[in-house]
Amino acid sequence: VTAGVAMTGVGVLTPLADDLAALGAALRAGRRTITPAAELPDVGEARIADFEATKYANVRGMRLYNRTTRLGICAARLALDDAGLDAAALGEGLGLVLASTYAHLDTLIEYDRGLATVGIQQTNPALMPLAIPSAPGATIALAFGAKAFSITLANDGASGLDALGLGARLVGSGRAAACLVVGAFSPCAELTLSLARAGQLAPADAFRVFDARHRGTALGEAGAAVILERSDHAAARGAVPKGFVRGHASTFAADPGHAERALHRAATTALAAAGVDRDGVALVSAGAGGVPERDRIEARALAALFKETAPVPVAAIKASLGDSVDGAGLLQALVALEALRAGTAPPIAGLEQPAVSGPAYLTTPTPLTGDVALVTATSPLGACAAAVVSLTEAPNR
Amino acid sequence: VKRRVVVTGCGVVTAAGLAVDRFWQALLDGDCFIRPLTGFAHPDLPGLLGAEVDLPPEDRLPENAHRDRCGALALAAARRAIAHAGILEGADRDRIGVTLGVTMGEERQVGDLSERGKTQGLAAVDAGFAARAGNHRLSSSIAATLGLGGPVLLNATACSSGNAAVAWGYELVTSGAADAVLAGGADTLTRLIYCGFHRMSALSKGICRPFDAHRDGVSFGEGAGMLVLEELEHARRRGAIILAEVAGYGLSNDVHHITAPHPEGDGVRRAILQALATTGTPPDAIDYVSAHGTGTPYNDLGEVRALKAVFGARASTLPTSSIKSIIGHTNGAAGAIEAVACTLALVHQAVPPTVNLAEPDPAFGMDFVPGKGRAMRVDTCLNLSAGFGGSNVCTVWRRMTS
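Just so you know, the sequences run in chain order W and H. Each residue of the first sequence is one higher than the one before, counting from 6 in our numbering. Each residue of the second sequence is one higher than the one before, counting from 12 in our numbering.
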């Protein structure tokens with residue numbers, strides 16, 4: 006269903022780089038950006054140093070928007086520019102799907118804390134509309150004139166791939182000529198504290214992904230955006246696709262014991278939707294982020310998926326960038342495309358002793374053959390998602 | 012062959028009733044359930060009104076009944092819809108998904124943190140807060156409780172979220188990603204919603220009066236509505252009772268203002284037109300419109316203008332009503348509860364009324380079905396929802412005949 010949907014523009018904002026080619030090069034060089042968290046030095050995090058939104062986008066009202074929303078707006082601006090797309094010229098043809106579980110959260114906390122402590126009259130009324138979960142999406146849609154639709158999906162680590170899948174379906178079925186798919190994340194103090202107290206976050210120097218020594222994740226800031234267009238629409242305006250969304254699927258593990266099977270199901274369904282055999286996958290861009298049980302689930306699912314094929318290289322970019330939650334899935338997909346284009350996959354930074362044997366974890370930059378990548382993601386509550394992206398369009402299109 | 016989507020089960024948890032039959036009769040009777048609030052208060056806003064759900068003990072969540080109320084409402088409606096559809100026995104649960112819409116969702120988790128934070132500061136942040144504050148917990152909780160393994164989506168498009176969840180459920184079934192989807196919405200009454208609407212002068216000083224000349228704002232309610240959307244042949248194979256067909260939907264976004272609706276109803280008009288066009292439904296085929304009808308001066312005006320732009324002169328006689336006048340504006344649940352009302356209108360061949368309509372706005376000149384429900388032929392109807400920030404959804408519902 007999603008074949009025929011081209012990715013014609015990308016935008017990334019990460020602690021390592023603010024363009025995809027530079028990000029790919031930094032990842033291949035094995036760079037990582039995990040440092041002790043400013044407010045909680047016992048755990049690691051990855052922040053974008055000196056992020057200044059006005060460097061990327063000039064949007065009315067920006068000063069009121071929280072950092073996550075600004076990251077989303079700026080990534081969207083970069084993607085539109087990269088696509089050479091004039092949003093105004095699309096009229097009612099541009100849609101928006103935002104992956105956002107937490108983008109509103111710090112504004113909500115600030116506004117609600119004001120109501121609790123100083124009362125209604127002393128609380129900034131301008132914050133109220135921005136404290137609603139749909140607000141970050143509404144502001145991005147308003148900034149760029151997304152008149153076809155504005156949708157916000159919340160599914161923690163699976164949000165980004167779910168947003169990519171829904172955006173592809175809505176574009177593929179003609180609901181919009183083009184769709185901005187955006188994911189962004191900047192952790193607020195309350196989120197970091199809560200996860201740290203739950204034992205989910207690792208110290209900066211102990212942060213490892215897929216490694217037997219993994220002790221938890223590190224939250225990372227990011228903004229990621231992609232423009233989806235029907236292939237014929239992109240071709241008609243002379244746009245050169247960066248890649249294609251070939252398939253997507255999401256599943257749920259109702260019982261934690263079913264998580265490995267649920268992720269396996271999502272991957273096989275996405276591959277089937279893409280018309281891609283398992284041995285046609287050149288690279289897996291995994292969602293593993295250092296939380297031991299989730300890393301193990303993903304490793305076992307991938308080992309089972311590819312047990313009868315030649316080893317498929319597995320990359321895990323959270324090892325370098327931290328877990329950007331709502332931004333992660335899109336980043337994984339975009340980095341995978343860049344790796345396919347460069348012909349070299351990035352290593353998993355810091356990986357020395359895999360906790361689960363089976364998958365072909367990358368520990369050095371590795372040459373790739375083929376043009377299809379499988380992207381996988383999970384949420385802590387049981388949602389699983391997979392997407393298939395490629396440099397070329399499905400052969401039957 | 013395109014996969015068709017039918018409704019085989021409904022569940023509601025509203026101030027007007029906790030069972031579909033009771034809910035429907037209350038709508039037709041034109042009772043109003045907007046009353047002085049008992050379970051929620053704010054010192055800056057004395058005399059608050061709202062439509063509260065009398066949730067029985069067996070539907071409450073044990074850990075913290077106040078803080079976890081939205082989850083309890085969602086789960087209660089989900090259980091009712093699943094039981095109504097009788098779909099779980101023998102089903103491949105990996106082929107059943109969940110789509111849920113919320114406006115605020117888990118905002119009470121943040122309210123609870125704010126209250127504890129007054130004395131504890133950041134020490135009030137507990138290990139479970141991150142997991143509780145994410146709205147995806149609501150949809151995940153439904154899937155986990157019912158053992159469902161299909162796609163699970165939580166969407167937030169403000170007050171069109173419940174209707175949007177129906178649209179995504181429709182997409183999952185028609186695309187083959189699922190054979191059935193439990194689709195709906197849920198929200199409860201929160202401090203932020205009352206305070207925010209009060210500051211925007213959008214909260215009614217009394218009881219909301221959609222489409223009335225003297226309408227002055229919203230009255231809020233809480234609740235949840237869930238529908239089992241099922242692929243037609245899947246439903247037939249298991250001998251399910253088919254209540255209605257979801258023919259399709261239309262989407263749009265105003266791109267006008269972060270809070271105010273487009274004054275001409277441009278976005279609503281485009282959503283209706285897309286819904287009609289993509290389902291091959293001529294405007295003349297629409298028998299009833301379930302309006303968003305919040306009772307704010309601007310929403311109702313824009314919505315009426317959109318309906319007149321689409322339906323022309325026929326708009327003046329096309330039965331159009333807002334059940335928000337009965338159960339309040341239930342935010343993310345509203346579009347889903349109204350979808351249940353559309354389903355029941357097709358089943359029972361009657362439409363629910365608009366109440367509190369003492370003096371219909373003379374500028375509108377439409378049939379708002381005042382006072383009591385009306386028995387009439389209903390073959391096709393529209394469910395309209397408009398959300399804060401400009402997100403509009405219109406779903407098309409058809410009567411199923413043998």
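Yeah, the Cβ is synthetic: ideal placement off N, Cα and C, and Gly gets one too.
Tell me where the alpha helix (DSSP H) around residue 308(H) begins and ends.
-> Annotation for residue 308(H): the continuous alpha helix (DSSP H) segment containing it runs 308 to 322.
Only counting runs of 3 or more residues, tell me where the beta strand (DSSP E) segments fall wholly within the stretch 204 to 288 of chain H, in order along the chain.
-> Taking 3 residues as the minimum length, the beta strand (DSSP E) runs contained wholly in the stretch 204 to 288 of chain H are 234 to 242 and 255 to 264, in order along the chain.
Answer yes or no: does any C-beta atom of chain W fall closer than 9 Å to that of residue 105(H)?
-> So yes, residue 105(H) belongs to the interface.
Name, in chain order, the residues that DSSP records as bridge partners for residue 12(W).
-> Answer by DSSP bridge pairing, in chain order: 233(W) and 248(W).
Can you tell me whether DSSP reads residue 151(H) as helix, strand or coil?
-> Three-state result, residue 151(H): helix.
Reduced DSSP secondary structure (H/G/I, E/B, other) of residue 186(W) | Three-state DSSP puts residue 186(W) in a strand.
Consider the C-beta atom of residue 307(H) and the heavy atoms of the ligand FAD; say whether any pair is separated by less than 8 Å.
-> Within the structure as shown, the ligand FAD is missing, as the structure has no ligands at all.
Taking C-beta pairs closer than 9 Å, name the residues in chain W that residue 55(H) reaches, listed in chain order.
-> Chain W residues near residue 55(H): 120, 124, 125 and 126.
When we look at the beta-carbon of residue 226(H) and count the other beta-carbons within 10 Å, is it buried (16 or more) or exposed?
-> So residue 226(H) ends up on the buried side.
Please work out which residues of its chain come closer than 7 Å, Cβ to Cβ, to residue 185(H), disregarding the five sequence neighbours upstream and downstream, and give them in chain order.
-> Taken in chain order, the residues that qualify are 13, 14 and 16.
Chain-ordered chain W contacts of residue 115(H) [CB-CB under 8 Å] = Within chain W, the residues near residue 115(H) are 137 and 138.
With respect to the alpha helix (DSSP H) encompassing residue 130(H), which residues constitute its N-terminal and C-terminal limits?
-> From DSSP, the alpha helix (DSSP H) with residue 130(H) extends over 118 to 131.
Give a yes or no on whether the minimum CB-CB distance between residue 206(H) and chain W is below 9 Å.
-> So, interface residue.
Tell me, please, whether the stretch 364 to 379 of chain W touches the stretch 310 to 319 of chain W by the rule of three or more beta-carbon pairs shorter than 8 Å.
-> Yes, they touch.
Residues in the stretch 376 to 404 of chain H having any Cβ partner in chain W nearer than 8 Å | Result list: 398, 399, 400, 401 and 402.
Below 8 Å CB to CB, which residues in the same chain sit around residue 208(W) once its five sequence neighbours on both sides are set aside?
-> 41, 47, 48, 49 and 220, listed in sequence order.
Beta-bridge pairing of residue 332(H) - partner residues as DSSP gives them = Answer by DSSP bridge pairing, in chain order: 301(H).
Which partner residues does residue 81(H) have in the DSSP bridge list?
-> Beta-bridge pairing links residue 81(H) to no other residue.
Between residue 269(H) and chain W, is there a C-beta pair that is closer than 9 Å?
-> Answer yes: the Cβ-Cβ gap between residue 269(H) and chain W drops below 9 Å somewhere.
C-alpha distance - residue 20(H) paired with residue 339(H), whole-angstrom precision | C-alpha separation (whole angstroms): 23 Å.
Could you check if residue 60(W) is buried or exposed, using at least 16 other CB atoms within 10 Å of its CB as the buried criterion?
-> It is exposed - the Cβ of residue 60(W) has fewer than 16 other Cβ atoms within 10 Å.
Within-9 Å CB hit, residue 330(H) to chain W | Output row for residue 330(H): interface = no.
When burial is assigned at 16 or more other CB atoms within 10 Å of the CB, is residue 34(W) buried or exposed?
-> Per the 10 Å Cβ criterion, exposed.
Quick one: residues in its chain with C-beta nearer than 8 Å to the C-beta of residue 270(W), no 5 flanking neighbours on either side, listed in chain order?
-> A distance below 8 Å between beta-carbons, with the five flanking residues on each side excluded, links residue 270(W) to the following residues of its chain, in chain order: 254, 256 and 389.
Taking 8 Å as the threshold, find out whether the stretch 125 to 138 of chain H comes into contact with the stretch 124 to 139 of chain W through three or more Cβ pairs.
-> With the rule of 3 Cβ pairs closer than 8 Å, the stretch 125 to 138 of chain H does not count as touching the stretch 124 to 139 of chain W.
Going by alpha carbons, who is nearest to residue 46(H) out of 36(H), 64(H) and 39(H)?
-> Selected option, being the one with the closest Cα: 64(H).
By Cβ distance, which residues of its chain are closer than 7 Å to residue 26(W), with the 5 residues on each side in sequence left out?
-> Around residue 26(W): 343.
Under 7 Å from the C-beta of residue 152(W): neighbouring residues of chain H = Correct list: 263, 264 and 266.
Of the choices 140(H), 396(H), 346(H) and 330(H), whose alpha-carbon is the least far from that of residue 365(H)?
-> With distances taken between Cα atoms, residue 365(H) lies closest to 330(H).
Any beta strand (DSSP E) of 3 or more consecutive residues that is wholly inside the stretch 284 to 314 of chain W | DSSP runs (the beta strand (DSSP E)) wholly in the stretch 284 to 314 of chain W: 288 to 290.
So which of 275(H), 84(H), 307(H) and 241(H) has the shortest CA-CA distance to residue 193(H)?
-> That would be 241(H), whose Cα lies nearest to the Cα of residue 193(H).
Quick one: residues in its chain with C-beta nearer than 8 Å to the C-beta of residue 237(W), no 5 flanking neighbours on either side, listed in chain order?
-> So the qualifying residues of the chain are 9.
Is any beta-carbon of chain W found at less than 9 Å from that of residue 209(H)?
-> Yes, contact with chain W.
Between the Cα of residue 23(H) and those of 321(H), 389(H), 341(H) and 384(H), spot the shortest distance and give me the residue it belongs to.
-> Of the listed residues, the one whose Cα sits closest to residue 23(H) is 341(H).
Could you tell me the boundaries of the beta strand (DSSP E) in which residue 22(H) lies?
-> Taken as a continuous stretch (DSSP letters only), the beta strand (DSSP E) holding residue 22(H) covers 16 to 24.
Residue 298(W), buried or exposed, once every other Cβ within 10 Å from all chains shown has been counted against 16 = A residue is called buried when at least 16 other Cβ atoms come within 10 angstroms of its Cβ; residue 298(W) does not meet this threshold and is exposed.
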